[in-house]
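Sequential numbering of the sequence shown, starting at 0, is according to numbering that gives the first Met the number 0. Cβ atoms here follow ideal geometry from the backbone N, Cα and C, with glycine treated the same way. Bear in mind that the values here come from a model prediction, so they are computed numbers and not experimental data. Below is one structure; the comments refer to it alone.
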Amino acid sequence: MPGMDLGIDLGTSRVTIYASGRGIVLREPSVIAVDSDTGRMIACGREAYAMLGRTPGSIEAVQPLHKGVISDYEYAEQMLRHFVRRVCAYKILKPRAAASVPASVTEVEQRSVIEAVRAAGARRVVLIEESMAAAIGAGLDVAAPRGSMVADIGGGTTDVAVMSLKGVAASLSVRVGGDDLDEAIIRYLHNKYNHVVGRLTAEQVKMRIGCALEQEDDPSMPVKGRNAVTGLPCVQQVRSSEIREAIREPLEQMVAAIQQVMEKTPP
0 MPGMDLGIDL GTSRVTIYAS GRGIVLREPS VIAVDSDTGR MIACGREAYA MLGRTPGSIE
60 AVQPLHKGVI SDYEYAEQML RHFVRRVCAY KILKPRAAAS VPASVTEVEQ RSVIEAVRAA
120 GARRVVLIEE SMAAAIGAGL DVAAPRGSMV ADIGGGTTDV AVMSLKGVAA SLSVRVGGDD
180 LDEAIIRYLH NKYNHVVGRL TAEQVKMRIG CALEQEDDPS MPVKGRNAVT GLPCVQQVRS
240 SEIREAIREP LEQMVAAIQQ VMEKTPP
């Protein structure tokens, strides 16, 4: 039985795996739940993601990637091995893999990704910049003699690049992404309303009423949480305009990265 070629996007928030001839075969949160005493994996992906902030003392929910790079090698390897085995079940020959990395990663961080993917079951690993992978995935003609810009906003990083003739004319990777928007919402609700929410709730708020630009209707939603003073469960009504204010700073950093790349791009 022939081997399989995989494209692996190791994101801070989620792992996506593409298999040749099959398309996207896996898209799971980059979370692993482990036994705090033994380090043994208990759950992975969506099941582990649901445990974030809700686990008992004997179980720890860990995100082994931070700001686009591996921050906990052992747990990242366990998570990747689980995902690769799911995708390559019943395959005799180990797969080849192309893994995406931010443009800003160091050589040490690059080696860490290669070693983790190999340990997970790949026989050969090559790396590709996230911005180039995003451009190809979006259907941009990166071989054309004209500039094509892509801004890839991930959970931990934002990669901006201008591609032309199969090369990168200008690029910049900043370590701010969707997770920073979630954290900004958490801080805002705590500071303004003494309303404590977790990552999952903050992400839901961002997805439902988060907006970078002012909206005429200014929609709102009830947000369940806990009062920081009394410790009691409560519900706070929050408007889109408030979330826009909450996420303004990290959004401005993303916009600044795009402007810098445009300024560096040759005419």
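- In the three-state DSSP reduction, residue 158 falls in the strand class (E or B).
- A distance below 7 Å between beta-carbons, with the five flanking residues on each side excluded, links residue 257 to the following residues of its chain, in chain order: 150, 159.
- The C-beta distance from residue 72 to residue 115 rounds to 6 Å, short enough to meet the 8 Å contact threshold.
- Cβ neighbours of residue 18 within its own chain (closer than 7 Å, five residues either side excluded): 3, 5, 24, 86.
- Distance from the CA atom of residue 187 to the CA atom of residue 266, rounded to whole angstroms, is 41 Å.
- Less than 8 Å separates the beta-carbon of residue 180 from that of residue 205.
- Per DSSP, the unbroken beta strand (DSSP E) holding residue 34 starts and ends at 31–34.
- Under DSSP, residue 147 takes part in a beta bridge, and its partners are 162.
- Counting C-beta atoms within 10 angstroms of its own C-beta, residue 99 has 16 or more neighbours from the protein chains shown and is therefore classed as buried.
- In this chain, residue 27 is not harboured by any alpha helix (DSSP H); it is covered by the beta strand (DSSP E) spanning 22–28.
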